[in-house]
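Residue numbers are given in UniProt numbering: position 73 of the sequence shown equals residue 73, and the series is strictly consecutive. The beta carbon of each residue, even a glycine, is placed where N, CA and C say it ideally should be. All remarks here apply to the structure that follows.
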Amino acid sequence: MKDMGEASVILGVKVVKKGDSILLSQGHYVERLFKKFDYYDCKFVTTPYNVNSQLKQNKGDYFAQSRYAQIIGSLLHLMNFSRPHIGYVVSRLSRYTHSPNQNHWEALARLMRYLRGTMDYGIEYSGFLVVLEGHSDANWISNLDETKSSSGYVFTLGGGAIAWRSVRKSIIARSTMESEFVALEMTRTEAEWLRNFLVNIPLGMKPTPSVSIHYSSQLAIAIAKNKSYNGKNRHI
(Lines of atoms letter the chains of each structure in order from A and count residues from 1; the text may use other names and numbers.)
(Lines give C-alpha, C1' and ligand atoms only; values in the text may rest on other atoms or scores of the structure.)
Protein backbone atom coordinates (compact mmCIF):
# COMPACT_ATOMS: atom_id res chain seq x y z
CA MET A 1 0.00 0.00 0.00
CA LYS A 2 1.31 3.45 -0.89
CA ASP A 3 0.15 7.04 -0.84
CA MET A 4 -0.89 8.08 -4.37
CA GLY A 5 -1.81 11.66 -3.45
CA GLU A 6 -5.20 13.30 -3.40
CA ALA A 7 -8.01 11.42 -5.13
CA SER A 8 -9.48 12.89 -8.31
CA VAL A 9 -12.04 10.18 -9.15
CA ILE A 10 -13.66 7.68 -6.77
CA LEU A 11 -16.13 5.08 -8.13
CA GLY A 12 -16.88 7.29 -11.11
CA VAL A 13 -17.40 10.43 -9.02
CA LYS A 14 -15.08 13.38 -9.65
CA VAL A 15 -13.57 14.96 -6.55
CA VAL A 16 -12.78 18.66 -7.08
CA LYS A 17 -11.04 20.65 -4.37
CA LYS A 18 -11.97 24.34 -4.37
CA GLY A 19 -10.13 26.21 -1.64
CA ASP A 20 -11.53 24.97 1.66
CA SER A 21 -14.37 23.07 0.01
CA ILE A 22 -14.73 19.78 -1.86
CA LEU A 23 -17.18 19.16 -4.71
CA LEU A 24 -18.41 15.71 -5.75
CA SER A 25 -19.75 15.72 -9.31
CA GLN A 26 -20.72 13.31 -12.09
CA GLY A 27 -21.09 15.71 -14.99
CA HIS A 28 -19.02 13.44 -17.23
CA TYR A 29 -21.34 10.53 -16.41
CA VAL A 30 -24.45 12.56 -17.26
CA GLU A 31 -22.90 13.64 -20.56
CA ARG A 32 -22.23 10.03 -21.55
CA LEU A 33 -25.78 9.16 -20.52
CA PHE A 34 -27.23 11.79 -22.87
CA LYS A 35 -25.11 10.68 -25.78
CA LYS A 36 -25.96 7.02 -25.23
CA PHE A 37 -29.73 7.56 -25.14
CA ASP A 38 -29.92 10.47 -27.64
CA TYR A 39 -30.96 13.20 -25.22
CA TYR A 40 -27.96 15.47 -25.74
CA ASP A 41 -29.88 18.05 -27.79
CA CYS A 42 -32.99 18.14 -25.59
CA LYS A 43 -34.25 21.46 -24.21
CA PHE A 44 -33.61 22.33 -20.57
CA VAL A 45 -36.43 22.65 -18.01
CA THR A 46 -36.04 24.08 -14.51
CA THR A 47 -37.75 21.32 -12.52
CA PRO A 48 -37.32 17.54 -12.69
CA TYR A 49 -40.99 16.63 -12.26
CA ASN A 50 -44.44 18.01 -12.97
CA VAL A 51 -46.30 17.85 -9.65
CA ASN A 52 -49.60 17.69 -11.52
CA SER A 53 -48.64 14.44 -13.24
CA GLN A 54 -51.01 11.58 -12.52
CA LEU A 55 -48.84 8.55 -13.16
CA LYS A 56 -50.56 5.20 -12.82
CA GLN A 57 -49.74 1.58 -13.43
CA ASN A 58 -50.03 0.70 -17.11
CA LYS A 59 -52.85 -1.75 -17.83
CA GLY A 60 -52.41 -1.64 -21.59
CA ASP A 61 -49.55 -2.12 -24.02
CA TYR A 62 -46.12 -1.05 -22.87
CA PHE A 63 -43.68 1.00 -24.89
CA ALA A 64 -39.89 0.47 -25.23
CA GLN A 65 -39.62 -1.34 -21.89
CA SER A 66 -35.97 -2.39 -22.25
CA ARG A 67 -34.76 1.14 -23.07
CA TYR A 68 -36.82 2.59 -20.22
CA ALA A 69 -35.28 0.13 -17.76
CA GLN A 70 -31.75 0.95 -18.96
CA ILE A 71 -32.25 4.68 -18.45
CA ILE A 72 -33.79 4.16 -15.00
CA GLY A 73 -30.84 1.96 -14.00
CA SER A 74 -28.40 4.66 -15.08
CA LEU A 75 -30.36 7.32 -13.17
CA LEU A 76 -30.40 5.18 -10.03
CA HIS A 77 -26.59 5.14 -10.13
CA LEU A 78 -26.52 8.92 -10.51
CA MET A 79 -29.03 9.42 -7.69
CA ASN A 80 -27.17 7.13 -5.31
CA PHE A 81 -23.76 8.71 -5.81
CA SER A 82 -24.16 12.47 -6.26
CA ARG A 83 -27.70 13.68 -7.00
CA PRO A 84 -29.98 13.10 -3.98
CA HIS A 85 -32.45 15.79 -5.09
CA ILE A 86 -33.75 13.58 -7.92
CA GLY A 87 -34.37 10.70 -5.52
CA TYR A 88 -38.16 11.00 -5.36
CA VAL A 89 -38.60 11.30 -9.12
CA VAL A 90 -36.32 8.36 -9.92
CA SER A 91 -37.96 6.24 -7.22
CA ARG A 92 -41.39 7.10 -8.60
CA LEU A 93 -40.49 6.38 -12.22
CA SER A 94 -38.78 3.12 -11.32
CA ARG A 95 -42.16 1.70 -10.24
CA TYR A 96 -43.19 1.50 -13.89
CA THR A 97 -40.05 -0.15 -15.27
CA HIS A 98 -41.83 -3.41 -16.10
CA SER A 99 -44.53 -1.75 -18.25
CA PRO A 100 -43.97 1.91 -19.18
CA ASN A 101 -46.54 3.79 -21.24
CA GLN A 102 -46.45 7.18 -22.97
CA ASN A 103 -47.14 9.12 -19.75
CA HIS A 104 -44.21 7.44 -17.99
CA TRP A 105 -41.94 8.21 -20.92
CA GLU A 106 -42.98 11.87 -20.89
CA ALA A 107 -42.15 12.13 -17.18
CA LEU A 108 -38.81 10.43 -17.78
CA ALA A 109 -38.04 12.79 -20.67
CA ARG A 110 -38.75 15.77 -18.41
CA LEU A 111 -36.24 14.49 -15.86
CA MET A 112 -33.65 14.07 -18.60
CA ARG A 113 -34.31 17.62 -19.81
CA TYR A 114 -33.76 18.89 -16.27
CA LEU A 115 -30.46 17.03 -16.01
CA ARG A 116 -29.37 18.47 -19.36
CA GLY A 117 -29.17 21.93 -17.81
CA THR A 118 -27.72 20.78 -14.48
CA MET A 119 -25.01 18.38 -15.60
CA ASP A 120 -22.35 19.94 -13.39
CA TYR A 121 -24.45 19.95 -10.23
CA GLY A 122 -23.00 18.01 -7.33
CA ILE A 123 -22.51 17.94 -3.58
CA GLU A 124 -20.23 20.50 -1.99
CA TYR A 125 -18.76 20.19 1.50
CA SER A 126 -17.43 23.38 2.98
CA GLY A 127 -18.45 23.64 6.63
CA PHE A 128 -17.08 22.20 9.85
CA LEU A 129 -17.68 18.46 10.16
CA VAL A 130 -19.30 18.68 13.57
CA VAL A 131 -23.02 19.22 13.00
CA LEU A 132 -25.00 16.25 11.70
CA GLU A 133 -28.54 17.19 10.68
CA GLY A 134 -31.37 15.19 9.18
CA HIS A 135 -34.47 16.14 7.20
CA SER A 136 -37.47 13.83 6.96
CA ASP A 137 -40.59 13.97 4.81
CA ALA A 138 -43.43 11.77 3.65
CA ASN A 139 -46.03 11.71 0.93
CA TRP A 140 -49.21 9.86 1.79
CA ILE A 141 -51.37 8.51 -1.07
CA SER A 142 -50.48 10.60 -4.11
CA ASN A 143 -53.28 9.20 -6.32
CA LEU A 144 -56.03 6.60 -6.33
CA ASP A 145 -53.75 4.10 -8.03
CA GLU A 146 -51.60 3.78 -4.90
CA THR A 147 -52.28 2.65 -1.35
CA LYS A 148 -48.83 3.04 0.19
CA SER A 149 -47.01 6.20 1.26
CA SER A 150 -43.56 7.36 0.22
CA SER A 151 -40.88 8.30 2.76
CA GLY A 152 -37.59 10.08 2.39
CA TYR A 153 -34.71 11.59 4.31
CA VAL A 154 -31.44 13.37 3.77
CA PHE A 155 -28.60 13.93 6.24
CA THR A 156 -26.03 16.71 5.89
CA LEU A 157 -22.57 17.17 7.33
CA GLY A 158 -20.21 20.00 6.48
CA GLY A 159 -22.89 21.67 4.39
CA GLY A 160 -23.43 18.72 2.03
CA ALA A 161 -25.54 15.59 1.89
CA ILE A 162 -23.89 12.39 3.15
CA ALA A 163 -26.87 10.00 3.27
CA TRP A 164 -30.26 10.02 1.57
CA ARG A 165 -33.13 7.75 0.63
CA SER A 166 -36.54 7.89 -1.04
CA VAL A 167 -38.68 4.78 -0.90
CA ARG A 168 -42.27 3.57 -1.02
CA LYS A 169 -43.10 1.93 2.29
CA SER A 170 -44.29 -1.66 2.55
CA ILE A 171 -46.90 -0.83 5.20
CA ILE A 172 -50.13 1.08 4.62
CA ALA A 173 -50.42 4.34 6.57
CA ARG A 174 -53.97 5.36 7.47
CA SER A 175 -53.35 9.12 7.45
CA THR A 176 -50.86 11.80 6.47
CA MET A 177 -49.82 12.11 10.12
CA GLU A 178 -49.14 8.38 10.40
CA SER A 179 -47.06 8.41 7.21
CA GLU A 180 -44.98 11.24 8.73
CA PHE A 181 -44.26 9.17 11.84
CA VAL A 182 -43.32 6.16 9.68
CA ALA A 183 -40.83 8.37 7.81
CA LEU A 184 -39.46 9.74 11.08
CA GLU A 185 -38.80 6.25 12.41
CA MET A 186 -36.85 5.39 9.25
CA THR A 187 -34.91 8.65 9.63
CA ARG A 188 -34.21 8.01 13.32
CA THR A 189 -32.77 4.58 12.56
CA GLU A 190 -30.41 6.05 9.96
CA ALA A 191 -29.42 8.88 12.33
CA GLU A 192 -28.41 6.40 15.02
CA TRP A 193 -26.29 4.42 12.55
CA LEU A 194 -24.61 7.52 11.13
CA ARG A 195 -23.78 8.90 14.56
CA ASN A 196 -22.14 5.64 15.63
CA PHE A 197 -20.28 5.41 12.32
CA LEU A 198 -18.91 8.95 12.47
CA VAL A 199 -17.63 8.49 16.01
CA ASN A 200 -15.31 5.74 14.76
CA ILE A 201 -13.68 7.48 11.79
CA PRO A 202 -10.86 10.09 12.01
CA LEU A 203 -12.58 13.40 11.16
CA GLY A 204 -10.33 15.56 13.32
CA MET A 205 -13.32 17.06 15.11
CA LYS A 206 -16.00 14.63 16.21
CA PRO A 207 -19.65 15.41 15.33
CA THR A 208 -21.86 16.50 18.20
CA PRO A 209 -23.57 13.55 19.93
CA SER A 210 -27.07 14.94 19.36
CA VAL A 211 -28.67 14.86 15.90
CA SER A 212 -31.33 17.37 14.88
CA ILE A 213 -34.06 15.97 12.64
CA HIS A 214 -36.27 18.46 10.83
CA TYR A 215 -39.72 17.74 9.43
CA SER A 216 -42.66 19.84 8.32
CA SER A 217 -45.78 18.16 9.73
CA GLN A 218 -47.19 20.55 12.33
CA LEU A 219 -49.74 17.96 13.46
CA ALA A 220 -47.06 15.33 14.06
CA ILE A 221 -44.97 17.89 15.98
CA ALA A 222 -47.94 18.87 18.15
CA ILE A 223 -48.77 15.24 18.97
CA ALA A 224 -45.12 14.44 19.75
CA LYS A 225 -44.85 17.45 22.09
CA ASN A 226 -48.23 17.23 23.79
CA LYS A 227 -48.45 13.44 23.81
CA SER A 228 -52.18 13.74 23.20
CA TYR A 229 -53.68 10.47 21.99
CA ASN A 230 -57.08 9.59 20.63
CA GLY A 231 -58.65 6.60 18.95
CA LYS A 232 -57.03 7.40 15.62
CA ASN A 233 -53.41 7.82 16.73
CA ARG A 234 -52.94 5.95 19.99
CA HIS A 235 -51.37 2.98 18.15
CA ILE A 236 -48.42 5.12 16.99
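Original post:
So what does DSSP say about residue 316, is it helix, strand or coil?
Top reply: In this structure the chain extends from 1 to 236, so residue 316 is not present and cannot be described.
**OP:** Using a threshold of 8 Å, state whether the C-beta atoms of S82 and Q26 are closer than that.
**Re:** By one-based count along the sequence shown, residue 82 stands at place 82. By one-based count along the sequence shown, residue 26 stands at place 26. Taking 8 Å as the Cβ cut-off, S82 and Q26 qualify as a contacting pair.
**OP:** Taking only the alpha-carbon atoms, compute the straight-line gap between Y40 and G117 and give it to the nearest angstrom.
**Re:** By one-based count along the sequence shown, residue 40 stands at place 40. By one-based count along the sequence shown, residue 117 stands at place 117. Straight-line Cα distance between these residues: approximately 10 Å.
Subject >> Assigned exposure category for R67 - 16 Cβ within 10 Å defines buried >> reply: Working through the sequence shown from its first residue, we reach residue 67 at position 67. It counts as exposed.
**OP:** Check whether the Cβ atoms of S136 and I213 lie closer than 8 Å to each other.
**Re:** Here residue 136 refers to the residue found at position 136 when the sequence shown is read from its first residue. Here residue 213 refers to the residue found at position 213 when the sequence shown is read from its first residue. Yes, the Cβ-Cβ distance between S136 and I213 is below 8 Å.
**OP:** Can you tell me the Cβ-Cβ gap for V182 and S151, rounded? I've got them flagged as a contact below 8 Å.
**Re:** To locate residue 182, count along the sequence shown from 1; it is residue 182. To locate residue 151, count along the sequence shown from 1; it is residue 151. About 6 Å separates the Cβ atoms of V182 and S151, confirming a contact at the 8 Å cut-off.
Subject >> Reduced DSSP secondary structure (H/G/I, E/B, other) of R95 >> reply: As a position in the sequence shown, residue 95 is number 95, starting the count at 1. In the structure shown, R95 sits in coil (DSSP, three-state: anything other than H, G, I, E or B).
Original post:
Just curious, the beta strand (DSSP E) that S166 is in, first and last residue?
Top reply: For the purposes of this step, residue 166 is taken as the residue at position 166 of the sequence shown. Residues G160 to R168.
Original post:
If you draw a straight line from the C-alpha of F37 to the C-alpha of L115, how long is it?
Top reply: For the purposes of this step, residue 37 is taken as residue 37 along the sequence shown, with counting starting at 1. For the purposes of this step, residue 115 is taken as residue 115 along the sequence shown, with counting starting at 1. Using only the alpha carbons, I get a separation of about 13 Å.
Original post:
What are the complete beta strand (DSSP E) segments, minimum 3 residues, inside the stretch 9-64?
Top reply: 13-18 and 21-25
Original post:
Are there 16 or more other CB atoms within 10 angstroms of the CB of I123, so buried, or fewer, so exposed?
Top reply: The residue given as residue 123 occupies position 123 in the sequence shown. Around the Cβ of I123, a 10 Å sphere holds 16 or more other Cβ atoms; the residue is buried.
Original post:
Any idea what DSSP makes of S152, helix, strand or coil?
Top reply: Position 152 of the sequence shown, counting from 1, holds the residue named residue 152. It is Gly, not Ser, that sits at residue 152 in the sequence shown. Strand, per DSSP.
Original post:
With contact counted as at least three CB pairs below 8 Å, one residue from each stretch, are the stretch 95-114 and the stretch 155-162 in contact?
Top reply: Because the criterion of three Cβ pairs below 8 Å is not met, the stretch 95-114 and the stretch 155-162 do not touch.
Original post:
Does the Cβ-Cβ distance between S126 and D20 come in under 8 Å?
Top reply: Looking up residue 126 in the sequence shown gives position 126. Looking up residue 20 in the sequence shown gives position 20. A contact, by the Cβ cut-off of 8 Å.
Subject >> alpha helix (DSSP H) segments (min. 4 residues) lying fully within the stretch 77-138 >> reply: 87-94 and 102-116
**OP:** Taking all protein chains shown into account, decide if I71 is buried (16 or more other Cβ within 10 angstroms of its Cβ) or exposed.
**Re:** Position 71 of the sequence shown, counted from the first residue, corresponds to residue 71. Buried is the call here.
Original post:
In three-state DSSP terms, what is I213?
Top reply: On the sequence shown, position 213 is the one that residue 213 refers to. It is a strand residue.
**OP:** Compute the distance between the beta-carbons of P84 and A161, then report whether it is under 8 Å.
**Re:** For the purposes of this step, residue 84 is taken as the residue at position 84 of the sequence shown. For the purposes of this step, residue 161 is taken as the residue at position 161 of the sequence shown. The answer is yes: Cβ separation under 8 Å.
Original post:
What residues are listed by DSSP as bridge partners for L157?
Top reply: Position 157 of the sequence shown holds residue 157. DSSP lists G160 as partners of L157.
Original post:
By Cβ distance, which residues of its chain are closer than 6 Å to H104, with the 5 residues on each side in sequence left out?
Top reply: On the sequence shown, residue 104 is found 104 positions in, with the first residue counted as 1. Hits under 6 Å: Y96.
Original post:
Relative to the alpha-carbon of L75, which residue among V131, V167 and Y29 has its alpha-carbon at the smallest distance?
Top reply: As a first step, residue 75 is located in the sequence shown; it is residue number 75 there, counting from the start. Nearest option by C-alpha distance: Y29.
**OP:** Leaving aside the five residues before and after L23 along the sequence, list all residues of the same chain whose C-beta is less than 6 Å from its C-beta, in chain order.
**Re:** Position 23 of the sequence shown holds residue 23. So the qualifying residues of the chain are V16, G122 and E124.
Original post:
How should R32 be labelled, buried or exposed, when 16 other C-beta atoms within 10 angstroms of its C-beta is the threshold for buried?
Top reply: The sequence position of residue 32 within the sequence shown is 32, counting from 1. Label assigned to R32: exposed.
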